[in-house]
Amino acid sequence: MCCNQPVSTTVRPLSRWSIGWRIAVALIGIGLVVNGSARMSDDVWPFGPMSQYAFSPAEDSTIVITRVEGQLADGRRIDLPLRISTTGISRAEIEARIPQIRADPSLLRGVAQGWTSRHPDEPALRTVWLVQDETHLVDGRKGPTALVELASWTVPR
Numbered sequence: 030m031c032c033n034q035p036v037s038t039t040v041r042p043l044s045r046w047s048i049g050w051r052i053a054v055a056l057i058g059i060g061l062v063v064n065g066s067a068r069m070s071d072d073v074w075p076f077g078p079m080s081q082y083a084f085s086p087a088e089d090s091t092i093v094i095t096r097v098e099g100q101l102a103d104g105r106r107i108d109l110p111l112r113i114s115t116t117g118i119s120r121a122e123i124e125a126r127i128p129q130i131r132a133d134p135s136l137l138r139g140v141a142q143g144w145t146s147r148h149p150d151e152p153a154l155r156t157v158w159l160v161q162d163e164t165h166l167v168d169g170r171k172g173p174t175a176l177v178e179l180a181s182w183t184v185p186r
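The sequence shown begins at 30 in the working numbering and counts up by one.
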């Protein structure tokens with residue numbers, strides 16, 4: 030079909046069945062979002078809480094970013110980005126398990142294994158740290174930043 034030919038403008042009305050299933054799907058989706066938001070649980074993602082997007086931090090609060098760092102065999106200490114494509118695990122999964130990782134740092138093994146399998150040309154990991162960057166706001170502006178080490182695990186050779 031060429032650009033100069035007229036396009037058919039015939040429009041078929043939706044049947045009651047078509048309208049009904051669209052409304053049902055919309056209501057189910059809304060119900061799942063409301064349920065997840067009311068329960069305030071990341072376990073029901075993507076229907077979990079969306080409150081993290083609904084507010085800005087207080088002017089004198091602390092912003093916390095959880096990360097994982099690793100020391101390579103060549104001595105470099107690098108950030109191990111918490112994404113499926115780079116370490117095989119997402120940051121949300123790590124954040125949800127911070128108390129368990131602090132109690133048993135060997136749980137960082139999964140991050141180390143994921144990184145190693147996805148970066149075979151990099152030197153071996155020797156140590157993995159679970160850390161948090163804490164940025165303190167002062168009157169709504171960036172203030173002092175601190176690196177807090179929550180756990181460390183030495184990779185067995």
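A virtual CB, placed ideally from N, CA and C, is assigned to each residue, including glycine.
Since this is a predicted model, take the numbers as computed values, not measurements.
Check                                                                                              : Outcome
Sub-9 Å separation of residue 86 and residue 166 beta-carbons                                      : yes
Short CB-CB distance (under 9 Å) between residue 116 and chain B                                   : Checking the listed chains, one finds no chain B in this structure; it contains a single protein chain.
For residue 98, three-class secondary structure by DSSP                                            : strand
Residue 41 (DSSP reduced to helix, strand or coil)                                                 : coil
Residue 67 to residue 61 span [Cα, whole Å]                                                        : 10 Å
Nearest-angstrom beta carbon gap, residue 97 and residue 158 [assumed within contact, 8 Å]         : 7 Å
Residue range of the alpha helix (DSSP H) that includes residue 140                                : 138–147
Beta-ladder partner(s) of residue 158, from DSSP                                                   : 98, 181
As assigned by DSSP and simplified to three states, the class of residue 173                       : strand
Cutoff 7 Å; reference residue 177; Cβ partners in own chain excluding five residues on either side : 160, 161, 163
Where residue 172 falls, given that 16 or more other Cβ within 10 Å makes a residue buried         : exposed
Contact between the region 43–61 and the region 129–139 (3+ Cβ pairs under 8 Å)                    : no
Closest residue to residue 90 among 184, 182, 169, 183 (Cα-Cα distance)                            : 169
C-alpha distance - residue 114 paired with residue 129, whole-angstrom precision                   : 24 Å
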